[in-house]
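Engineer: Residue numbers (this note's numbering): 3 to 145.
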């Protein structure tokens with residue numbers, strides 16, 4: 003079975019991605035997958051996304067690896083169902099390779115992962131405010 007990624011929530015700052023399947027990988031591409039129709043990539047900027055939470059489960063033999071730019075960020079055993087809240091008082095969001103795409107690999111048995119992401123930088127709204135000033139550049143997004 004292939005690994006399937008689906009986006010359960012996608013706002014201007016927050017995303018929840020579900021990755022489920024067996025023996026394959028899925029890539030979450032920061033520049034396209036997390037871009038809403040009302041957003042554009044910031045000119046001259048690089049998308050920066052941190053991991054703020056993880057919830058996982060699966061078969062006894064399932065292993066979930068989360069890798070960014072070749073760096074292993076998390077390795078989760080799916081039989082040990084768990085949850086990590088990285089936005090609480092005692093922990094901070096994981097910013098390892100925050101400008102790199104996220105590759106989720108599931109090996110062994112069936113496994114499911116829900117990952118909460120926060121868009122920190124690199125995304126701009128295409129929606130202009132209804133009030134303009136003489137200093138606004140009407141030909142540039144977000145000015």
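Ideal Cβ placement from N, Cα and C applies to all residues, glycine included.
1) Might you give, ordered along the chain, the residues of its own chain that have their beta carbon closer than 6 Å to the beta carbon of residue 118, omitting 5 neighbours on each side?
2) In three-state DSSP terms, what is residue 124?
3) For residue 122, I'd like the list of residues in its chain whose CB is within less than 6 Å of its CB, leaving aside the five on either flank, ordered along the chain.
4) How is the beta strand (DSSP E) around residue 27 delimited, first residue to last?
5) Suppose you measure from the CA of residue 98 to the CA of residue 106; what does that come to, to the nearest Å?
6) Do you know whose CA, among 36, 40, 81, lies nearest residue 48's CA?
7) Take every Cβ of the stretch 54–69, pair it with every Cβ of the stretch 80–100, and state whether three or more of those distances are shorter than 8 Å.
8) Can you tell me whether DSSP reads residue 38 as helix, strand or coil?
9) Considering just the uninterrupted stretch of the beta strand (DSSP E) at residue 86, what are its terminal residues?
10) Find out if the Cβ-Cβ distance for the pair residue 61, residue 23 is shorter than 8 Å.
11) For the beta strand (DSSP E) containing residue 8, list its first residue and its last residue.
12) Are residue 25 and residue 7 close, meaning C-beta to C-beta below 8 Å?
13) Just to check my reading of the structure: residue 77 and residue 67 have Cβ atoms closer than 8 Å, yes? What is that Cβ distance to the nearest angstrom?
Structural biologist: Let's see:
1) Once the five neighbours on either side are set aside, the close Cβ partners of residue 118 are 18, 54, 55.
2) Residue 124 sits in coil when the DSSP states are folded into three classes, being neither helix nor strand.
3) Cβ within range, chain order: 50, 52.
4) Annotation for residue 27: the continuous beta strand (DSSP E) segment containing it runs 26–30.
5) Cα-Cα distance, rounded: 15 Å.
6) Selected option, being the one with the closest Cα: 36.
7) Contact holds: three or more Cβ-Cβ distances are below 8 Å.
8) If DSSP states are grouped into helix, strand and coil, residue 38 belongs with coil.
9) For residue 86, the enclosing beta strand (DSSP E) starts and ends at 84–87.
10) No, the pair does not count as a contact, with Cβ atoms beyond the cut-off.
11) 6–12 is the span of the beta strand (DSSP E), which, as asked, contains residue 8.
12) Against a cut-off of 8 Å, the Cβ pair of residue 7 and residue 25 comes out as no contact.
13) About 5 Å separates the two Cβ atoms, so the contact holds.
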